[in-house]
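Input: a single structure, listed below in structure tokens.
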Amino acid sequence: MIPRYTPKDMGALWSAERRFATWLEVELAACDAMEGAGLVPAGTAKAIRDKKLTLDADRIEEIERTTKHDVIAFLTHVEELAGAPARWLHRGMTSSDVLDTSLAMLLRDATDALLSRLDAVTRALAARAREHAKTPMIGRSHGIFAEPVTFGVVLAGHYAELRRGHERLRRARAEIAVGKIAGAVGTYAHLSPEIESRALEALGLSPETVSTQIVPRDRHAELYCAMALVAASIERLATNVRHWQRSEVGEVEEAFTVGQKGSSAMPHKRNPILSENLCGLSRVVRAAAVPALENVALWHERDISHSSVERMTAPDATASLAFMLDRTRGLVEGLVAYPQRMKENLDRAGELYFSEAVLLALVETGLGRQDAYVLVQRNAMRAWKGDGTFRDNLAKDADVKLSAEKLTALFDLDHALRYAPAIVERALAQ
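Count along the sequence shown starting at 1, add 8, and that's the number in the numbering used here.
Shown next as structure tokens:
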């Protein structure tokens, strides 16, 4: 994580102080459960809590330089602060009981922060989609004029995609909110399933169905893949904004604030820097998905090849996506739409976008579809080259057996877009 792309809450979540505090929370929850099972003297956990320990991350790191083991360094420091009662901590446990359970808590909390931010993004998209439900613009396929859409329908599509992303994240949250306090290879040799269940319930987690020394990493991979899909969806929106803002398109642009400068050399520039930034950061988030998938295949009950990966990707991916979501919300709220420019681009298409309507009408007269296609295409290509308008060319073509009234009815933009508001509302109803 670098400060530039790390929201404050995510920085705090992945800080050393929060990590060690979470480890202590896991140890004390396990201690409580062991007290209930009669394995640890009653009042041990309370005695440690009553000391209101202030863990020193620097001191833990200092001890680790000797022990070469972070959990042992942590426990050593807790014993320094808590004294004799701390000897009962970690009874029958292995390091991954602490590490994986605390990671589940941190990933769960990070996912909650992402879900909240994603809600804010979709609320912004919903408002803008309704605002422009009837604002016509040219649709494009392969970057080329296709048929009319509305700006609201386009935004509703992004809304629907991100709501699917929200659902994937929600499901992944449930998968990741799983811990284990089951001992060295998950067999409860010195513990019990009841102790694990009681401790994890206190932490807001569920027990892993069958753990080894660790929680299986397919759970983590699901979360990373869900985050990657959200990032990809944001990139699709940002890519569209970048196209709309191109000088020769000019249909939509990012907000340009007072005092903002677009170029150190060219004072006239207004660049889509937010969207470009989002496209770049999406690569960072997606990049975490592959190592997460590779972390699934560990040796036997475990190895630690996953550990170094997760120490980097968990903070980086969640913080980067949180930053992206904050930026996307601001981008959507600030988008400046230019309906008049949208109309001008529609006009530039010269009504060629009604070609399918004409094709279908000719088929209805009894003409074969391919024969009708040839008729429509030859008149469209003449117009494309600047030889008359599409409508006039059709009207003058003796092979096109359509009345002037019928042609007028076919060239009806309102009719073509009559379902646009309903599409928007169908999307937002989700």
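The C-beta atom is built at its ideal place from N, Cα and C for all residues, glycine as well.
Item to complete: Determine the contact status of L329 and V223, defining contact as a CB-CB distance below 8 Å.
Response: The criterion of a C-beta distance shorter than 8 Å is not satisfied by L329 and V223.
Fill in: Beta-carbon proximity of L360 to A388, cut-off 8 Å
Cβ distance < 8 Å, so L360 and A388 count as in contact.
Practice prompt. Give the DSSP-derived three-state secondary structure of A185 in the structure shown.
Written response: Residue state, collapsed to three classes: coil.
Fill in: Short Cβ contact (8 Å threshold) for R349 with G258
R349 places its beta carbon less than 8 Å from that of G258.
Worksheet item: Smallest Cα separation from V86: which of E243, A164 and T62?
Response: The shortest C-alpha separation from V86 is found at T62.
Item to complete: Indicate whether P275 and E262 have their beta-carbon atoms separated by less than 8 Å.
Response: E262 is positioned such that its CB atom lies no closer than 8 Å to that of P275.
Discussion item. Per DSSP, what are the beta-bridge partners of S149 in this structure?
Written reply: I152, per the DSSP bridge assignment.
Worksheet item: Per DSSP, what kind of secondary structure is T416 in: helix, strand or coil?
Response: Residue state, collapsed to three classes: helix.
Fill in: Host alpha helix (DSSP H) of L343 (start-end)
Looking at the DSSP string, L343 is not in any alpha helix (DSSP H), and its letter there is neither H nor E.
Discussion item. Short of 7 Å in beta carbon distance, which residues of its chain neighbour D117, apart from the five on each side in sequence? Order them along the chain.
Written reply: L21, listed in sequence order.
Item to complete: On a CA-only basis, which of R27, R319 and A141 is nearest M113? Give me that one, please.
Response: Each of R27, R319 and A141 was checked against the Cα of M113, and the nearest Cα belongs to R27.
Worksheet entry | Backbone CA spacing between H77 and Y346 [nearest angstrom] | Roughly 60 Å separates the two Cα atoms.
Worksheet item: Taking 8 Å as the CB-CB cut-off, is R136 touching chain C?
Response: No chain C is part of this structure, which consists of one protein chain only.
Fill in: One or two residues paired with P144 in a DSSP bridge
In the DSSP assignment, P144 is bridged to T158.
Practice prompt. May I have the straight-line CA-CA distance separating K129 from D355, to the nearest angstrom?
Written response: In the sequence as presented, Lys is not what sits at residue 129; that position holds Val. About 32 Å.
Worksheet entry | Expected contact under 8 Å - CB spacing of S110 and T30 to nearest Å | Correct: roughly 4 Å between the Cβ atoms.
Worksheet entry | V266 in three-state terms, based on DSSP | Residue state, collapsed to three classes: coil.
Worksheet item: What's the call for Q253, buried or exposed, on a 16-neighbour Cβ count within 10 Å?
Response: By the neighbour-count criterion, in which 16 or more other beta carbons inside 10 Å mark a residue as buried, Q253 falls on the buried side.
Practice prompt. Quick one: give me the first and last residue of the alpha helix (DSSP H) that W96 is part of.
Written response: Counted as a single uninterrupted DSSP element, the stretch harbouring W96 is not any alpha helix (DSSP H), since DSSP gives it neither H nor E.
Worksheet item: Rounded to a whole number of angstroms, what is the C-alpha to C-alpha distance between K351 and S411?
Response: Their Cα atoms are separated by approximately 27 Å.
Worksheet item: Helix, strand or coil for E202 per DSSP?
Response: E202: helix per DSSP, three-state reduction.
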